[in-house]
Amino acid sequence: MRIGHLMADASFELVTANRPRLSGQATIEQLPQEARARAQWWEQHLVEVLTGVGPDAAPGAAPRPEYDPARHSLRQRELAKHAALTAAGHEVGLSTLKRLRRRYERDGLWGLIDQRHARAARGRAPGGRTDPRVIEATRQAIAEQTDRSTGTVARLRRRVEQLVAADPDPPALPAERSFYRLVARLSAGQHTFGSARTRRSLAKQPDGPFAAVTASRPGQWTQIDSTPLDVRVVLDDGTVDRVELTGLVDHATRTIAAAVLRPTTKAVDAALLLARAVTPEPMRPGWADALRMTRSVLPHEPLTAIDARLEHAAARPVIVPETIVCDHGKAYLSATFRAACRSLGISLQPAHPDTPTDKPIIERTLGSVSTLFAQYVAGYVGRSVEHRGRDAEQQAVWSMAELQALLDEWIVAVWQNRPHEGLRDPLTPGQALTPNERYAALVAVAGYVPVPLGPDDYIELLPTTWRAINSYGIKLGQRRYDSAALNPYRGQDSGVSTNNGRWEIHHDPYDISRIWVRNHHEQGFLEAAWTHLRSAPVPFGELTWAHAREIVAARGSDPVTESEIAEAAARLLDTAEHGPDQPEPHEAKRRRSARTRRVVGRTRATAVDRPVPAPDTSTEPAAETADDTDGDTAEVIALPLFDARKEAEKWW
């Protein structure tokens, strides 16, 4: 048998050895000086007993006669050393000498360390000498606390008592102080008696090593997520409300490809976020000239030669996503977002449920936005109530549009030029790159392909539904839309048999004033305006419309008609703008009034100003001329007053 095969066999064991085992020098250096000196003193004598010469002897030195292994047995050498130590005044028994010699042969220098110090340096099992059944019951009780509200050690001890009581021969629990120490060791790092949110988050981490996903080019892997921003904003009607931050981050460069602020995240927000990611960031009035792409490390000239839109762009790379990792949020799994990804050739990869480790980069990036940006903004309220200052919400001064502009400038000026720990090159780990530097390095190798978007592409990203074009127009969400462009297609079949001949409709949830109909017979889109837009010219979205329906339904009007909803929505906007005529004493009405103002503010913060349609002059009477008057005046018959609202009810 070859010696290599022999020594590599799992059953091979070296029974006798001519040298002691190697000891961990770094661990030994942590011991007290006195304990190390004592062990090294014993090592000098024991090495002489085993080899005949001391450990510090010169190479080729001859052993002392009484310790020469060639002339004396191990027993004789031990007797000689015992006699020498006794003569020198050291009270050492022969059995002690033999025991230390065996331990030195087995454990090396560690075997000579005082065991009290050795146990402290080497560590010990968390349970110590506690009964293993008690340890197992304590571990089980700690695991059961993951989804429970945070309790105390006393509650945990009671649960351990219940678990060990099920044993036929139940062991005794340690004393109270010993049990507290045992629990502290077993629950270390699990937040068993700390934050319940942190405890649940830690429990979701996998037990094994984390898998590393490597991205070699910009856009290869991206991650998207939404989180409440810890800043209060002032809505258009003066109310103070929260906003949600939705961001898209690139794995390879850590670039924040796009970030938008909205009162609530909808599918259209996530879809339009993709449009912002593939579109260059324009320079804004008031931005420093240093924020231009021409002044940055980005390869401006080569990129501009490919994409002319970058000529006057800010220093934020354009990221074209190939794969997007998202959670199971409603906005990301919606048909709108999936259709937007398909239209841009993006692969959508949902993460595992309740597994934040599947998209840790976006989780950490959004947290960094809070610590690096949000905490410096007026109206910052902290991540929880316990971190909130006094009257923090009263310090809010920025509108949502203004805060969005600040965030865009911060991303270009700070984030893209800040060294990131995740962007260290494996070959030169001493230098952390910035997102712009990393992008410049990768785009030179991977290349850049622009994705220009036109007006029709924007409409394609909006939510889609299917409706028929009737003689009165299109009915969507209890609202009617009509325009002259629909005249050739009223009552016509779209030709799409899979949807029973209905027409594809695109609509904006933040502005219900108009919709877009895909022209299946030709090309492009047909725009149709809401028929009641003249009676309620202020744009409002689905949120206001739904709230107005609740108001009308609570009033007892059934069925809820479109004109009533439009009237209630318009009155809601007017009331929120001018305030109630009289204070409402009932607490529920006050709460409802506050919610109404919040709904209005959120809607106006996201609504796009639309021109008021020109008044319909087809029914206007012609101006009276002299030829139209007779010489004799006829008898005047009084007519009842015209009530527009009642007349509108007859039209429905």
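Going by my numbering, the sequence shown wraps up at 652, each residue one higher than the last.
Glycine residues also receive a C-beta, built at the ideal position from the N, C-alpha and C atoms.
If you drop the 5 nearest sequence neighbours on each side, which residues of the same chain put their C-beta closer than 7 Å to that of residue i?
i, result
"GLN416", "THR255, ALA315, ARG316, THR434, PRO435, ASN436"
"VAL412", "GLU281, LEU291, ALA314, ALA315, ARG316"
"TYR332", "ILE224, ALA270, CYS326"
"SER494", "GLY501, ARG502, TRP503, HIS520"
"LEU298", "ALA315, PRO317, ASN436, TYR439, ALA440"
"TYR458", "ALA275"
Quick one: is residue i buried, meaning 16 or more other Cβ sit within 10 Å of its Cβ, or exposed?
i, result
"ASP167", "exposed"
"HIS507", "buried"
"THR619", "Legend: pLDDT at THR619 = 41, less than 50; position of this residue unreliable, no value from coordinates given."
"ARG284", "exposed"
"ALA308", "exposed"
"GLU311", "exposed"
"LYS330", "exposed"
"MET7", "exposed"
"LEU372", "exposed"
"TRP42", "buried"
"ASP609", "Model confidence at ASP609 stands at a pLDDT of 46, short of 50, so the residue's coordinates are unreliable; what they give is reported in the following sentence. Looking at its Cβ environment, which holds fewer than 16 other Cβ atoms inside 10 Å, ASP609 is exposed."
"ARG653", "Since the first residue of the chain shown is 1 and the last is 652, residue 653 is not available in this structure."
"GLY60", "exposed"
"GLU393", "exposed"
"GLY52", "buried"
"LEU303", "buried"
"PRO32", "exposed"
"ARG376", "In the sequence on display, residue 376 carries Tyr and not Arg. Exposed is the call here."
Pull up the distance between the alpha-carbon of residue i and that of residue j, whole angstroms please.
i, j, result
"TYR448", "GLN404", "28 Å"
"THR96", "GLU29", "25 Å"
"PRO585", "THR246", "Any answer about PRO585 is weak, because its pLDDT of 47 lies below 50 and its placement is not dependable; what the coordinates show is given next. Between PRO585 and THR246, the C-alpha separation is close to 39 Å."
"ASP225", "ALA335", "17 Å"
"ASP391", "SER149", "29 Å"
"LEU461", "ALA141", "50 Å"
"ASP354", "ALA203", "10 Å"
"ILE135", "GLY127", "6 Å"
"HIS45", "LYS81", "8 Å"
"ALA10", "GLY4", "12 Å"
"PRO228", "VAL260", "12 Å"
"TYR67", "PRO426", "55 Å"
"SER370", "ASP241", "17 Å"
"GLU91", "LEU85", "8 Å"
"LEU79", "THR130", "42 Å"
"GLY367", "ALA468", "46 Å"
"ARG139", "SER296", "55 Å"
"ALA339", "ARG158", "54 Å"
Start and end of the beta strand (DSSP E) containing residue i?
i, result
"VAL496", "Where VAL496 is concerned, there is no enclosing beta strand (DSSP E), given that its DSSP letter is neither H nor E."
"ALA528", "525-530"
"PRO228", "222-234"
"HIS506", "503-508"
"THR294", "First-last for THR294: undefined, no H or E at that position."
"LYS475", "474-476"
"SER178", "Not the beta strand (DSSP E): SER178 falls in the alpha helix (DSSP H), residues 176-186."
"ILE324", "323-326"
"ILE411", "First-last for ILE411: 400-413, but that is the alpha helix (DSSP H), not the beta strand (DSSP E)."
"GLY60", "Looking at the DSSP string, GLY60 is not in any beta strand (DSSP E), and its letter there is neither H nor E."
"PRO350", "347-350"
"GLY4", "Per DSSP, GLY4 belongs to no beta strand (DSSP E); it is in the alpha helix (DSSP H), 3-8."
"GLU319", "Contrary to the premise, residue 319 reads as Ile rather than Glu in this sequence. Element bounds for ILE319: n/a, residue is neither H nor E."
"ILE362", "Unbroken run through ILE362 is the alpha helix (DSSP H), 360-372; no beta strand (DSSP E)."
"VAL260", "256-262"
"ARG480", "479-482"
"PRO464", "The identity of residue 464 in the sequence shown is Thr, whereas the question assumes Pro. 464-467 is the extent of the beta strand (DSSP E) around THR464."
Once the 5 residues before and after residue i are set aside, which same chain residues still bring their CB inside 6 Å of it?
i, result
"THR294", "HIS300"
"TYR481", "GLY473, ILE474, ILE515, ALA528, TRP530"
Quick one: give me the first and last residue of the alpha helix (DSSP H) that residue i is part of.
i, result
"ARG148", "Element bounds for ARG148: n/a, residue is neither H nor E."
"THR279", "Looking at the DSSP string, THR279 is not in any alpha helix (DSSP H), and its letter there is neither H nor E."
"TRP42", "33-51"
"GLU460", "455-460"
"ASP107", "94-107"
"GLU244", "From DSSP, GLU244 is part of no alpha helix (DSSP H) but of the beta strand (DSSP E) over 240-250."
Once you ignore the five residues that flank residue i on each side, which residues in its own chain have a CB closer than 8 Å to its CB?
i, result
"ARG71", "PRO65"
"LEU453", "ALA275, VAL278, THR279"
"ALA441", "LEU433"
"THR357", "LYS204, GLN205, PRO206, PHE210"
Could you tell me whether any non-hydrogen atom of the ligand ZN is closer than 7 Å to the CB of residue i?
i, result
"PRO452", "No copy of the ligand ZN appears in this structure; indeed no ligand is present at all."
Worksheet item: Just checking, does the segment 338-351 make contact with the segment 187-197 on the three C-beta pairs under 8 Å criterion?
Response: no
Worksheet item: With contact counted as at least three CB pairs below 8 Å, one residue from each stretch, are the segment 211-225 and the segment 179-188 in contact?
Response: no
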